[in-house]
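In what follows, a single structure is set out as structure tokens and then discussed.
Residue numbers (this note's numbering): 655 to 1013.
The structure is reproduced here in structure tokens:
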């Protein structure tokens, strides 16, 4: 970071590395992307575009030193140009928290959002001066393995809560209130529900709800500052994006007038919400059916009608039983003759099968 004390502004430190002429490869694109140093995430919406591009190269199994195709090269040139413009802009970092000298309290406000490609959290500070400013943001790529949008929205809320706790611990001022907005009705219903959820959702909801002093609210997508950090944008658009830098206009109003949009019944939202509850039940039902089916099968799937005598059925069962025990590395006889104990166990298995089936 470069900090200008005269102008109270900050900019991403420009790279000191010289770009060597030659072909553009995956190695080179990743190197240029890694040169950007933006620890507090002021330019996340621009950098995330480069990360998405590199992820696409990984999905196509492109080798480190393979030259980019013409279409990819054109796209990377545009992204690289935007990344270079980041170091040319200086952003005012004078954050107005207090209207009075003795007033040292502020509110921490976090907005969360997700898309199919990325999820993010953007944090604003708001003091008694009725002005909000971006102070921190965090953006992450969605996993290569497909994940549903509601789960990605949940991950965005999780990093939002973690960011609130982190920033609160770093600020040397009293935090009056911590609020978190999400445009996912499904995630907010998961947070408020008392029903048993799927393990993945349950664990993350538990961590989210562990912080009792965080207030969760709903905001529509058009007024969500974190939305731009999930899609990517250009340097010129981001510079003039007042929602990203200062949040929605209603943050400047009194707390009583802050938005907590209500949402009615929505069949698609209800379906996504119920999916994380029903999935566990469906799994339990499947396991139960498999167990019942297993119990109704004869020992080792042997069809006794293929044998001429009862004794032969028992002996074949005992031999298979010994083989399975050896594969499991259990203690068993290694002699050439079946033992009395092995024959009795085989017979008992058939007796249990007959009792389950007919009694």
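Just so you know, even glycine gets a beta-carbon here, dropped at the ideal spot from N, CA and C.
Cβ-Cβ separation between residue 879 and residue 810: approximately 12 Å, too far for a contact (criterion under 8 Å). Contact between the region 835-850 and the region 815-825 is not established, with fewer than three Cβ pairs separated by less than 8 Å. The alpha-carbon of residue 692 is positioned some 8 Å away from that of residue 698. For residue 1007, same chain residues with a beta-carbon under 7 Å away, outside a window of 5 residues either side, are 952 and 953 in chain order. Here residue 718 is exposed: its Cβ has fewer than 16 other Cβ atoms, across all protein chains shown, within 10 Å. Inter-segment contact for the region 899-914 and the region 725-736 is absent: fewer than three beta-carbon pairs are separated by less than 8 Å. Within a 10 Å sphere around the beta-carbon of residue 850 sit fewer than 16 other beta-carbons, which makes this residue exposed. Residue 802 is classed as exposed because its beta carbon has fewer than 16 other beta carbons within 10 Å across all chains shown. Nearest C-alpha to residue 679 among 905, 723, 706 and 876: 723. Residue 869 and residue 797 have their C-alpha atoms some 28 Å from each other. The bridge partners DSSP lists for residue 834 are 764 and 870. Between the alpha carbons of residue 792 and residue 981 lies a gap of roughly 51 Å.
If you draw a straight line from the Cα of residue 967 to the Cα of residue 808, it is about 57 Å long. The continuous stretches of alpha helix (DSSP H) do not include residue 851, and DSSP gives it neither H nor E.
Residue 989 is classed as exposed because its beta carbon has fewer than 16 other beta carbons within 10 Å across all chains shown. Residue burial annotation: residue 1011 is exposed, with fewer than 16 other C-beta atoms found within 10 angstroms of its C-beta. Per the coordinates, the alpha-carbon of residue 825 lies some 43 Å from the alpha-carbon of residue 716. The secondary-structure analysis by DSSP pairs residue 773 across a beta bridge with 768 and 794.
Rounded to the nearest whole angstrom, the C-alpha separation of residue 959 and residue 1004 is 14 Å. For residue 900, the enclosing alpha helix (DSSP H) begins and ends at 896-900. Under the three-state reduction of DSSP, residue 787 is assigned to strand. The beta carbon of residue 704 sits closer than 7 Å to those of 687, 733 and 737, all from its chain and outside the five residues before and after it, given in chain order. Non-local beta-carbon contacts of residue 681 in its own chain, meaning distances under 7 Å to residues more than five positions away in sequence, involve 718 and 719 in chain order. Annotation: residue 895 to residue 767 spans about 17 Å, alpha carbon to alpha carbon. Under the criterion of beta carbons closer than 8 Å, residue 976 and residue 987 qualify as touching, at roughly 7 Å.
Remark: C-beta atoms of residue 889 and residue 745 do not approach each other more closely than 9 Å.
In the displayed model, residue 840 falls within a helix according to three-state DSSP. Straight-line spacing of the CA atoms in residue 904 and residue 814 works out to 20 Å.
Residue pairing of residue 828 in beta bridges, as defined by DSSP: 759.
DSSP places residue 975 within a helical segment (H, G or I) once states are collapsed to three. DSSP, reduced to helix, strand and coil, places residue 958 within a helical segment of the structure shown. Around the beta carbon of residue 971, a 10 Å sphere encloses 16 or more other beta carbons of the protein chains shown; the residue is thus reported as buried. Inter-residue distance for residue 831 and residue 787 is about 16 Å (C-alpha atoms, whole angstroms).
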